[in-house]
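Enquirer: Here's a structure for you.
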Amino acid sequence: MLSASPRRGPLHRPTAPLGPGGTALPHNRLCGSQVRASLGRGLGASQSGEEGGDAGPSLKARDPRSLDTGRRRREARPIRLPSPKPPGLPWAATASAWPPGPHSSPGRTTACSCGWSGRAARRSWSCSCCRRGASPPGRKQRTGRVPETSREGTERKTSDILVTTHLQGLSVVPPITDLDTLPEALSPSPSWATWKEGLPLTIAAGCEDDLPANMRFHEEKRLDFEWTLKAGTLETVLKRVYTLLGSWNRLEDFDHIFWGQKSTLSEKVRQRWQDDELFGYQFLNGTNPMLLRRCTSLPSRLVLPSGMEELRAQLEEELQDSSLFEADFILLDGIPANVIRGEKQYLAAPLVMLKMDTSGKLLPMVIQIQPPSSSSPTPPLFLPSDPPLAWLLAKSWVRNSDFQLHQLQYHLLNTHLLAEVIAVATMRCLPGLHPVFKLLIPHIHYTMEINTRARTQLISEGGIFEKAVSTGGGGHVHVLRRALAQLTYCSLCPPNDLAERGLLGTPGALYACDALRLWEITARYVEGIIHLFYRGDDVVRGDAELQAWCREITEVGLCQAQNRGFPISFQSQNQLCHFLTMCVFTCTAQHGAINQGQLDWYAWVPNAPCTMRMPPPTTKEDVTMATVMGSLPDVQQACLQMTITWHLGRRQPDMVPLGHHKEKYFSDPKAKSVLNQFQTDLENLEREITDRNEQLDLPYEYLKPSLIENSVTI
Ligand SMILES: [Fe+2]
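Position 55 of the sequence shown, counting from 1, maps to 1355 under the numbering used here, and the rest follow consecutively.
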């Protein structure tokens, strides 16, 4: 159920009145009906946007039931037009290059201001030439307007004035005499919605068609996304047919589906996935390098039964040498497992202890699949010296748990949902001329649509998670809630996070090495831009829009994240720069590191099983090949895993590399120079990584700047 977010503090709009049943109405729905009713008195019904085909100056009241039921609607939503340069404002720039995409009618020829024209396949249309939204024929191409200013350098949004005035119960709505300003006046900011209680807020959109046009996929991207999904589905069907009469009782049977979409590295994974060395390597440089930490003491949950004194001595020796590491999946403890096609699935919360040898190889020493519990016997510890199938199954449980936390905590929550909070807050709080708006806009491109699609196709009822993943069917929401509760500001900033995990300077930690370099380069870029516009801490402190934006992210979007170290206001330039660096890094490099490895490491399903179909073993001697194959995903689940990891992990054909967006958001030559330096720094890093990778058996490419997308788009 979508609901209005709580709004607090003087910088927020007043609390929304209650709708039927006492439910607070989202602001856009409320404003839509009330503002239209008010304007109708002066403008007449024809200008209140009631017609459905052409969304001109309209703002529609939304049927709350439509979002609840997920019914796909095609109604138009107006959006705010950009504002041109207000004379005398400190944000010296031309009109924002973030034009809205006025809706057009399907099938009608539509022209863009850049000169390109074409036929619109759907209402929300963007130009194939410049990617801007375009107006349908006969409609004046609206340009930005000079905003009203309440003080020098601060743009006031007409929509806010209207909405605020009306919500305060004033009977007089400020008169609108210039129809050219109408869409902006009527366009509400994107509204927040609660996808699930206890999780970050999202944009209020029941499906992608509800999104503002300038937040939508470009036509080329949409077609590619939808066609590859269909191609993947077709491939799954073919594999099901191909394996229909075959066996599924040996590990080699996974070969029967290991064709179609795969990568060079995924082939190496298939060959070496059983090696302890590759198992350990993935904690440092796989698709989830976020869980590993260096031990400073032996974990309390690691209960060593009698007879394991030798293991204890080895662990303590490694601890003394600072070469003992752990990966603890305790977050999964007690999470309800999925039921797929009537069959119960299983989850565990393993702990794995690893040692780093003198050559930098990370090798597992012991695995405890389940934590100790007062209601069950001491859990067995699995060792490399155990029977091979028992040790392999123990490692598979770890890899299954890693799949869950990677996808939910480190991918979905820490990059996708966080990026969406940043995007929605930016669109709600910052005017188009604000330097922080211009800095961030290239890094929130497409994020709202990919996340909306994820909520309707991937983690929804009947979505991919429910069909194939052991945390699907509701467990994933529990995992996300727990993960949000422990999401700290420091954990999103590599210098802090890697220090806290004891990974600074760790040989062979390629993610850590590249992430730190990218953080530095990003920080230099952010500081370069910010120092052009903020000449002192007092300017930062006095920027009400900036402070509102910060509060919106921390307190509203991230659900009181100030309790977890996130700033709720900016007191200095440095504080602002650090936060913005985190924003840009999260939306670019961090997502690249977490997203790009899916195809490499998940295409060979036994290396990272999406689900486990039998409970964890409680003894070592009884583990047989039937146990292993009975635990790993079945054909259908494995095919789905391959399909979705290819769909989401493959390189995007229209990808924009980090820092190489074509739109010129800043016209100031100094800002352009800062961007040029950013690009130069990235090119230098690219060369360093390329040279390093040539020396490596397994090149680490996920943080190569040319492969990092400029925003979260997939
Ligand atoms: Fe992603």
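Virtual Cβ for every residue (Gly too), placed ideally from N, Cα, C.
1) Is V2012 near ligand 1, going by C-beta to nearest heavy atom under 7 Å?
2) Going by CA-CA distance only, name the one from F1833, V1769 and G1775 that's closest to T1945.
3) Taking 7 Å as the limit between beta carbons, can you name the residues of its chain near P1915, skipping five residues before and five after?
4) Would you list the one or two residues that DSSP bridges to T1502?
5) Is there a Cβ from chain C that is less than 8 Å from the Cβ of E1497?
6) Alpha carbon to alpha carbon, how far is D1553 from E1994? Give it in angstroms, no decimals.
7) Whose C-alpha, out of V1884, Y1581 and Q1668, is nearest the C-alpha of I1741?
8) Considering only their Cβ atoms, is the gap separating A1719 from C1887 smaller than 8 Å?
9) Tell whether a beta-carbon distance below 8 Å holds between V1698 and D1900.
10) Excluding five sequence neighbours on each side, which residues of the same chain lie with their C-beta closer than 8 Å to the C-beta of P1500?
11) Just to confirm, are Q1936 and R1540 a CB contact at a threshold of 8 Å?
12) Give the secondary structure of C1414 by DSSP, where H, G and I count as helix, E and B as strand, and everything else as coil.
13) With the cut-off set at 8 Å, would you say G1774 and P1999 are in Cβ contact?
14) So, at 8 Å on beta carbons, what are the nonlocal neighbours of K1661 in its own chain, with the 5 sequence-adjacent residues on each side left out?
15) Is the separation between the beta-carbon of H1961 and that of T1528 shorter than 8 Å?
16) In the structure shown, what three-state DSSP assignment does S1424 receive?
17) Alpha carbon to alpha carbon, how far is A1812 from Q1896? Give it in angstroms, no decimals.
18) Which same chain residues end up closer than 7 Å to F1737 when comparing Cβ atoms and leaving out the 5 residues on each side of it in sequence?
19) Tell me the DSSP secondary structure of P2005 in three-state form.
20) Measure the alpha-carbon distance for D1997 versus L1538 and round it to whole angstroms.
21) Can you give the Cα-Cα distance for R1801 and S1673, rounded to whole angstroms?
22) Between the stretch 1810-1829 and the stretch 1968-1975, are three or more C-beta pairs nearer than 8 Å?
23) Straight-line CA distance for L1818 to P1735?
24) Name, in chain order, the residues that DSSP records as bridge partners for Y1646.
25) Quick check for students: name the residue ranges of the beta strand (DSSP E) that lie wholly in the stretch 1511-1555, counting only runs of 3 or more.
26) Look up R1817 in the DSSP assignment and say whether it is helix, strand or coil.
27) According to the Cβ coordinates, are L1739 and L1876 closer than 8 Å?
28) Let's see if you can read the secondary structure: which residues bound the alpha helix (DSSP H) around P1735?
29) Would you report the Cα separation of V1905 and A1938, rounded to the nearest angstrom?
30) Helix, strand or coil, according to DSSP, for K1767 in the structure here?
31) Taking the beta carbon of T1822 as the centre, do at least 16 other beta carbons fall within 10 Å, making it buried, or is it exposed?
32) If you draw a straight line from the C-alpha of R1835 to the C-alpha of D1843, how long is it?
33) Three-state secondary structure (DSSP) at R1336?
34) For ligand 1, is there any heavy atom lying closer than 7 Å to the beta carbon of H1776?
35) Apart from the five residues just before and just after P1917, which ones in its own chain have a Cβ nearer than 7 Å to its Cβ?
Expert: On the basis of the supplied data:
1) It does: the Cβ of V2012 is within 7 Å (strictly closer) of some heavy atom of ligand 1.
2) V1769
3) Y1646
4) A1493
5) Protein chain content of the structure displayed is limited to a single chain, and chain C is not contained in it.
6) Roughly 34 Å between the two C-alpha positions.
7) Per the Cα distances, V1884.
8) Closer than 8 Å, so yes.
9) no
10) L1713, L1717, L1718, E1720, V1721, L1784, G1857, L1858 and C1859
11) Against a cut-off of 8 Å, the Cβ pair of R1540 and Q1936 comes out as a contact.
12) Note that C1414 scores a pLDDT of 34, beneath 50, so its modelled location is shaky and nothing firm can be said.
13) Not closer than 8 Å, so no.
14) Here K1661 has E1577, G1580, Y1581 and G1808 as same chain residues with Cβ atoms under 8 Å from its own Cβ, once five neighbours each way along the sequence are excluded.
15) No; because the gap between Cβ atoms is not below 8 Å, this pair is not in contact.
16) Only weak support exists for where S1424 lies, its pLDDT of 40 falling under 50; the value from the coordinates is given anyway. In this structure, S1424 counts as coil in the three-state DSSP scheme.
17) 16 Å
18) So the qualifying residues of the chain are T1726, L1730 and P1731.
19) helix
20) One alpha carbon belongs to D1997, the other to L1538, and they sit about 34 Å apart.
21) In this structure, the alpha-carbon of R1801 lies about 27 Å from that of S1673.
22) Under the 8 Å Cβ criterion, the stretch 1810-1829 counts as touching the stretch 1968-1975, having at least three qualifying pairs.
23) 22 Å
24) M1912
25) none
26) In the three-state reduction of the DSSP assignment, R1817 falls in the helix class, which pools H, G and I.
27) no
28) P1735 to L1740
29) 6 Å
30) helix
31) buried
32) 12 Å
33) The predicted model places R1336 with a pLDDT of 31, which falls under 50 and marks its position as unreliable; any figure quoted below should be read in that light. R1336 falls in the helix class under three-state DSSP.
34) no
35) A1690, L1693, V1923 and T1927
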